[in-house]
Amino acid sequence: MPYQVFSANEWLYPDSLITESGPDSISLSTARGSRAGCQILIQLEDVGAALAWTYIPTPSAAMNCDNIQMEVFRLRDVLVNENTGPTYSTIPAGTPADYVTRPAPFRVYDALQRVDQPFTTSSPKEALYVSWHIPSSLLPAIYSGELCLTTGDQAINIPVTLEVFQAVVPQQETLAITNWLSNQNAATYHGLELWSEDHWHMLRKYGEAMRRTRQTHFLVGLELIDIQEDTGHYTFDFTKVKRYIELFLSLGFTGIEGGHLASRIGWDDPLFVLSCRNDIKATSPEGYTFLAQFLPAWQQFLLQNDWLDRTIQHVADEPIQESASDFRILSSIVRKFMPGVKLIEAMIYPHIEGSIDIWVPTNEGFDQHQAHFQHLQNLGETVWFYTCWNPGGHYLNRFLDIPLLKTRYLHWGNYKYGLKGYLHWGFNMYLDDQNPFELTCPYLAPGIHAKRVPSGDTHIVYPDAEGPMFSMRLEAMRSGVEDYELLQLLAGVNKPLADEILQSCFFSFTGVETDPTHFDLAHRRLLEAVSASCYNFPENERVLT
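Under this note's numbering, think of the first position of the sequence shown as 19, with each following residue one higher.
Structural data, given as structure tokens:
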């Protein structure tokens with residue numbers, strides 16, 4: 019039964035070839051408190067037989083590796099029907115682009131369907147993603163074993179070597195991460211009634227998937243709050259939002275993102291409207307009447323539950339130059355009624371000083387105004403970055419037609435530029451009747467942008483009967499967040515070395531080394547350096563707990 023092992027840092031395709039010279043063993047290097055994985059492509063002779071597996075550690079390693087947990091996922095391919103554009107949106111199929119992995123249309127393995135039992139094969143090729151969870155308490159050593167795959171009367175035994183370093187990814191994240199969750203889609207795409215007990219159970223599964231990628235913050239939209247009005251007098255029922263916040267905090271999230279208070283109907287509109295009433299201008303007397311009642315009630319609710327200190331508050335998404343003045347007024351209203359709460363926003367126009375506390379430009383926007391944002395950082399302000407349907411071209415992003423390593427490198431960018439967080443709008447933001455597996459590049463809010471969404475931008479998980487399926491991009495993002503934590507650990511004791519390792523493969527948000535072999539060398543140096551540098555001082559002993 020021919021097979022080949024592939025790196026988890028490169029895309030695998032249904033038409034990928036199994037070559038005689040390709041790797042036939044698994045050799046992974048990892049920190050503790052992390053996961054290590056690879057992809058396996060198998061050529062089957064007996065289609066329709068059950069594929070089963072087992073991992074057998076060698077006798078010398080068996081007594082030490084009981085806590086190493088192996089996960090097996092069946093890789094599912096998805097359609098990319100248009101390529102990302104050179105700046106944003108998409109380009110028609112057949113248009114040349116030197117920054118994409120393949121010209122569209124093509125299919126690529128991204129979705130990860132967890133399989134805990136043998137499954138029936140359905141095609142001559144099957145692809146697996148195999149991952150090992152390495153607990154923080156595991157002794158550093160080289161652990162070996164065999165991964166045995168059987169189907170019908172065929173079997174293959176794949177040698178496995180897991181080199182576990184002294185380095186430990188801290189359990190508590192220092193990098194702020196948020197992906198926005200569509201509660202509606204978590205019901206609709208699983209055939210559930212909104213806010214039924216089954217829906218709440220599904221939301222827990224989505225929260226667990228978000229925490230897998232070490233997400234720290236979660237968005238609490240105003241749709242979670244029941245709002246009633248009677249001639250300008252508003253009442254607010256926080257019952258649902260209380261259960262929601264309690265759920266996500268119980269999963270290990272540490273930050274609450276208060277949802278957007280206002281938005282623009284048209285992209286170029288100079289004025290914002292209330293998120294809950296788009297017929298009311300946010301800074302009009304009617305808008306002020308709502309905000310003057312909602313914001314104190316929201317703050318009091320958070321204070322009563324001891325959640326105010328962990329809350330950051332959105333104002334209105336992506337202010338541009340035309341709406342900057344209205345945004346400043348709106349922010350001042352929020353500061354009046356929620357003093358001390360930090361305001362955060364994904365923003366386009368950079369000169370809105372004083373109106374927000376956590377600046378979130380795109381990585382391209384950071385590049386374009388780098389001196390401005392570095393000046394803000396020098397003043398003590400916090401800067402994150404975000405990606406969405408842009409930037410395209412050579413920029414790092416999470417699209418399906420750019421090198422998979424570019425998703426992992428996003429968080430090397432966090433380290434390089436001192437950006438303390440990352441935001442993305444699309445955890446499961448499937449649009450309308452979009453089939454997440456058959457991407458049709460739907461329009462993104464036609465009344466605002468009228469531009470087509472690049473492949474994969476709306477989501478980094480896929481809906482399955484049992485819950486959200488992970489993706490190779492989600493795994494790449496998790497790995498990048500863990501890389502950031504290791505770079506930060508090393509920088510705490512030897513910043514020149516951390517910078518040197520980073521600069522060996524990361525040059526800018528548009529320039530990275532995408533060859534997996536080259537990256538593996540840099541990553542191994544990082545593991546060696548952290549292991550040698552960060553565990554000789556008493557103050558670092560806490561990392562081992």
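Virtual Cβ for every residue (Gly too), placed ideally from N, Cα, C.
Note down, one range per segment and in chain order, each alpha helix (DSSP H) of at least 4 residues found wholly within the region 461-515.
For the region 461-515, not a single whole alpha helix (DSSP H) run of length 4 or above is found.
On a Cα-Cα basis, can you pick out the residue from Pro534, Ala342, Ser47 and Glu363 that is closest to Pro421?
Closest option to Pro421, Cα to Cα, is Pro534.
Which whole-angstrom value describes the C-beta separation of Arg94 and Tyr127, a residue pair presumed to lie in contact below a C-beta threshold of 8 Å?
The Cβ separation is near 7 Å, so the contact holds.
If you draw a straight line from the C-alpha of Leu545 to the C-alpha of Ala185, how long is it?
Answer to the nearest angstrom: the Cα atoms are 6 Å apart.
Residue ranges of each beta strand (DSSP E) run of no fewer than 3 residues wholly in the region 313-394, ordered along the chain?
As far as the region 313-394 is concerned, its whole beta strand (DSSP E) runs of at least 3 residues are 329-332, 360-364 and 376-378.
Any idea what DSSP makes of Ser154, helix, strand or coil?
Residue state, collapsed to three classes: coil.
Short of 6 Å in beta carbon distance, which residues of its chain neighbour Arg125, apart from the five on each side in sequence? Order them along the chain.
Taken in chain order, the residues that qualify are Pro32, Asp95 and Leu97.
Within the continuous alpha helix (DSSP H) that includes Trp402, where are the two ends?
Where Trp402 is concerned, there is no enclosing alpha helix (DSSP H), given that its DSSP letter is neither H nor E.
Could you tell me whether the region 407-417 touches the region 145-165, using the rule of 3 or more Cβ pairs below 8 Å?
Contact between the region 407-417 and the region 145-165 is absent, because fewer than three Cβ pairs lie under 8 Å.
Compare the beta carbon distance of Asp344 and Cys406 with 8 Å and say whether it is the shorter of the two.
In this structure, Cys406 does not lie closer than 8 Å to Asp344 by Cβ.
For the beta strand (DSSP E) holding Val96, just list the boundary residues, first then last.
Here the beta strand (DSSP E) through Val96 covers Gln87 to Val98.
Can you find the residues in the same chain that come closer than 8 Å, C-beta to C-beta, to Ile152, ignoring five residues on each side of it along the sequence?
Taken in chain order, the residues that qualify are Thr48, Ala49, Arg50, Gly51, Ser52, Arg53, Ala54, Ile86, Leu180 and Val182.
Could you tell me which of Val352, Gln135, Ala194 and Trp218 sits nearest to Tyr502, measuring between CA atoms?
Taking only the C-alpha atoms, the option nearest Tyr502 is Ala194.
Let's test the definition: count the other Cβ atoms within 10 Å of the Cβ of Asp11 and tell me whether it reaches 16, buried, or not, exposed.
This structure leaves residue 11 out entirely; the chain is present only between 19 and 563.
Using three-state DSSP, classify Arg229 as helix, strand or coil.
Helix at Arg229.
I need the DSSP call for Leu562, collapsed to helix, strand or coil.
Bear in mind that a pLDDT of 31 at Leu562, under 50, signals an unreliable position, so the number given afterwards is only what the model happens to contain. Three-state result, Leu562: helix.
Which residues in the same chain have their Cβ closer than 6 Å to the Cβ of Arg491, if we skip the five residues on either side of it in sequence?
Excluding positions up to five away in sequence, the list reads Arg416, Thr425 and Ile478.
For Phe308, count neighbouring C-beta atoms within 10 Å of its own C-beta (all shown protein chains included) and say buried if the count is 16 or more, exposed if not.
The residue in question, Phe308, is buried, as its Cβ has 16 or more Cβ neighbours within 10 Å.
When you compare only the Cα positions, how much space is there between Tyr224 and Arg132?
Computed Cα separation, rounded: 14 Å.
Tell me which residue opens and which closes the alpha helix (DSSP H) that Leu544 is part of.
Segment Pro534 to Ser551, the alpha helix (DSSP H) holding Leu544.
Let me know the secondary structure DSSP gives Gly566 once reduced to three states.
In the structure displayed, the chain extends from 19 to 563; residue 566 sits before or after that span and is not available.
Answer yes or no: do Phe24 and Gln57 have a C-beta to C-beta separation smaller than 8 Å?
Yes, the pair counts as a contact, with Cβ atoms nearer than the cut-off.
Please return the same chain residues whose Cβ sits closer than 8 Å to the Cβ of Ile374, not counting the five positions on each side in sequence.
Closer than 8 Å at Cβ, skipping near neighbours: Val333, Ser349, Leu361, Ile362, Glu363 and Met365.
In whole angstroms, what separates the C-alpha of Phe266 from that of Arg222?
Using only the alpha carbons, I get a separation of about 8 Å.
Taking the alpha helix (DSSP H) that Phe266 falls in, what are its first and last residues?
First-last of the alpha helix (DSSP H) with Phe266: Thr257 to Ser268.
With 16 other CB atoms within 10 Å as the buried threshold, where does Gln246 fall?
Classification for Gln246: exposed.
Would you give the residue range spanned by the alpha helix (DSSP H) that Arg426 belongs to?
From DSSP, the alpha helix (DSSP H) with Arg426 extends over Leu423 to Tyr435.
Quickly, what does DSSP pair Leu138 with across the bridge? List them, please.
According to the sequence provided, residue 138 is Thr. The question's Leu does not apply to it. BP columns for Thr138 point to Ala68.
Within 10 angstroms of its Cβ, does Pro136 collect 16 or more other Cβ (buried), or is it exposed?
Classification of Pro136: exposed, given that the 10 Å Cβ count is below 16.
Excluding the 5 residues flanking Met495 on each side, which residues of the same chain have their C-beta closer than 6 Å to its C-beta?
Cβ within range, chain order: Thr231 and Thr425.
Out of curiosity, what's the CA-to-CA distance linking Gly170 and Ala145?
Their Cα atoms are separated by approximately 17 Å.
Would Lys260 count as contacting chain B if we go by Cβ distances under 8 Å?
The chain labelled as chain B is not found in the depicted structure, where only one protein chain is given.
Does the structure place the region 295-303 close enough to the region 254-265 that three or more beta carbon pairs sit under 8 Å?
Not touching, per the Cβ criterion.
Quick one: give me the first and last residue of the alpha helix (DSSP H) that Gln202 is part of.
That run of the alpha helix (DSSP H) goes Asn201 to Thr206.
Using the DSSP secondary-structure output, state which residues sit across from Asn598 in a beta bridge.
Since the displayed the chain opens at 19 and closes at 563, residue 598 lies outside it and no answer follows.
Is Asp134 buried or exposed, if buried means 16 or more other CB atoms sit within 10 Å of its CB?
Asp134 is exposed by the Cβ-count criterion.
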